[in-house]
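Those protein sequence lines, which keep their order, are chains X and U.
Numbering-wise (my numbering), the first sequence opens with residue 1 and increments by one.
Numbering-wise (my numbering), the second sequence opens with residue 1001 and increments by one.
Some notes on the structure that comes next.
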Amino acid sequence: MMGLPQKVRVKNWHPPGHVRAPMYLRGKTGEIERELGPFGNPEELAYGHEASRRRLLRVRFTMGELWGAEAENPADILEAEIYEHWLDPINAP
Amino acid sequence: MPHDHHDHSHDTDGLSPSGHPYRPDQDHKLTRWQAMEIAMRELLVEKGIVTAAEITETVEQMDRRSPADGAKVVARAWVDPSFKARLLENGTEAIRELGIEPGVLKLIAVENTARTHNVVVCTLCSCYPRNLLGLPPDWYKQRAYRSRVVKTPRKVLAEFGLELPESTQVRVHDSTADMRYLVVPARPEGTEGLDEAALAELVSRDAMIGVATARHP
């Protein structure tokens, strides 16, 4: 379990089937913006299975992190909802 | 193979006299999912679980929803700072105060200011706060908007007619999972004398998605 606020990296997984972690955020580093509580895991719900409850978190990324030199303004931000099991905590140096 | 209608003066390059393309007839066979939907609906009616009238009524209810409820929420936030604080803290609970039943909607409201401009997208599909805003516009569901606004939001907003200064931070919200988003646009100057109903008239659907500002009276 992770505390807040914290740096996280979205897992660079590529599993088959229904997932809600968009490709363009995989492998990217961001900060937890807020916690949204437990929701049924969409990766199970999508197939009609009884879903386990997973913590959903809003993660804030900078456009510089997402797009590098192609970012319009690297300080602009993007926030998305990512399930906890897709996030790895990054320990402070 | 498209038909050529060179002998019909009304049809030049597949365009109507007013310059719009003709919509093609849907002469193809039903897809598997269309057939499944019809079969399921007919079975539910045959078994007496729902009536055809109830289905029609539900579809009409969905079609009737408009951005009016969203505009009411924004106008209340403009006139009542404590409501605005509750809305930004917990959107789902706050809209109940206006008699709007959230149902399955989990709402996050975000506020536009001189320093921050919020814009909403669903890159994975077309998640949208339908209770508050009605049906989403076609462009919201199209790949061009969904793929571009997360990478070049300033360019996309400029195409909507909204040029933002560098001093304003853009905050793009990708509704990837269970939350839905409402942008509370900045209250236009010169609206001090207006009541809530008149203020709500200034709040467009696009302003609540974040691709426009509120109208000036």
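Beta carbons: idealized from backbone N, C-alpha and C, even for Gly.
For the pair Ala-1075 (chain U) and Leu-1182 (chain U), the CB atoms are not nearer than the 8 Å cut-off. Three or more pairs of CB atoms, one per stretch, sit closer than 8 Å, so the segment 6-21 of chain X contacts the segment 37-54 of chain X. In the three-state DSSP reduction, Asp-1174 (chain U) falls in the strand class (E or B).
Under a 10 Å Cβ-count criterion, Trp-86 (chain X) is classified as buried, with 16 or more other Cβ atoms of the shown protein chains found around its own Cβ.
When the five nearest sequence neighbours on each side are left out, the beta carbons in the same chain lying within less than 8 Å of the beta carbon of Asp-1063 (chain U) are those of Leu-1135, in order along the chain.
In this structure, the CA atom of Pro-1185 (chain U) is about 13 Å from the CA atom of Val-1170 (chain U). In the DSSP secondary-structure assignment, Glu-31 (chain X) is bridged to X:Lys-7, X:Arg-60. Within the DSSP secondary-structure output, Asp-88 (chain X) pairs in a beta bridge with X:Arg-9.
Put simply, the backbone Cα of Glu-84 (chain X) is about 16 Å away from that of Met-23 (chain X).
Put simply, the segment 1142-1153 of chain U does not touch the segment 1078-1087 of chain U. Fewer than three CB pairs are less than 8 Å apart. When X:Ile-77, X:Arg-60, X:Glu-72, X:Glu-70 are compared, the shortest CA-CA separation from Val-8 (chain X) is found for X:Arg-60. For Asn-1112 (chain U), there is no enclosing alpha helix (DSSP H), as DSSP marks it with neither H nor E. Residue contact with chain U for Asn-41 (chain X): absent (no Cβ-Cβ distance below 8 Å to any residue of chain U). In the structure shown, Pro-1081 (chain U) adopts helical secondary structure according to DSSP, grouped into three states.
Think of a sphere of 8 Å around the beta carbon of His-1216 (chain U): no beta carbon from chain X falls inside it, the nearest being about 26 Å out. Along the segment 41-68 of chain X, the positions whose C-beta sits under 9 Å from a C-beta of chain U are Pro-42, Leu-56, Arg-58, Arg-60, Met-63, Leu-66, Trp-67, read in chain order.
Distance from Ala-1177 (chain U) to Leu-56 (chain X) at the Cβ level is roughly 6 Å; contact confirmed, criterion being Cβ atoms closer than 8 Å. At least one CB of chain X lies nearer than 8 Å to the CB of Pro-1153 (chain U). Annotated three-state conformation of Glu-50 (chain X) is coil, per DSSP. Separation of the CB atoms of Arg-1215 (chain U) and Leu-1202 (chain U) is rounded to 4 Å, and the pair is thereby assigned contact status at 8 Å. Setting aside the 5 residues that flank it on each side, Arg-1187 (chain U) is surrounded in the same chain by Trp-1078, each with a C-beta closer than 6 Å to its C-beta; the list follows chain order. Here Leu-1124 (chain U) carries a coil assignment [DSSP, helix/strand/coil]. Inclusion of Glu-79 (chain X) and His-1173 (chain U) in the CB contact set at 8 Å is warranted, their separation being smaller than that value. Listed along the chain, the chain U residues whose CB falls inside 8 Å of the CB of Glu-35 (chain X) amount to none; the nearest CB is some 12 Å away. Buried is the label assigned to Arg-1146 (chain U), since at least 16 other Cβ atoms lie within 10 Å of its Cβ. Sequence-distant partners of Asp-1069 (chain U) (beyond 5 residues in either direction) whose C-beta falls short of 6 Å from its own C-beta, in its chain, are Ile-1100, Leu-1132. In this model, Leu-1015 (chain U) and Pro-1024 (chain U) are separated by some 11 Å (Cα to Cα). Cα atoms of Glu-33 (chain X) and Gly-1161 (chain U): separation of roughly 30 Å, rounded to the nearest angstrom.
Going by C-alpha positions, Val-1211 (chain U) is about 43 Å away from Leu-1043 (chain U).
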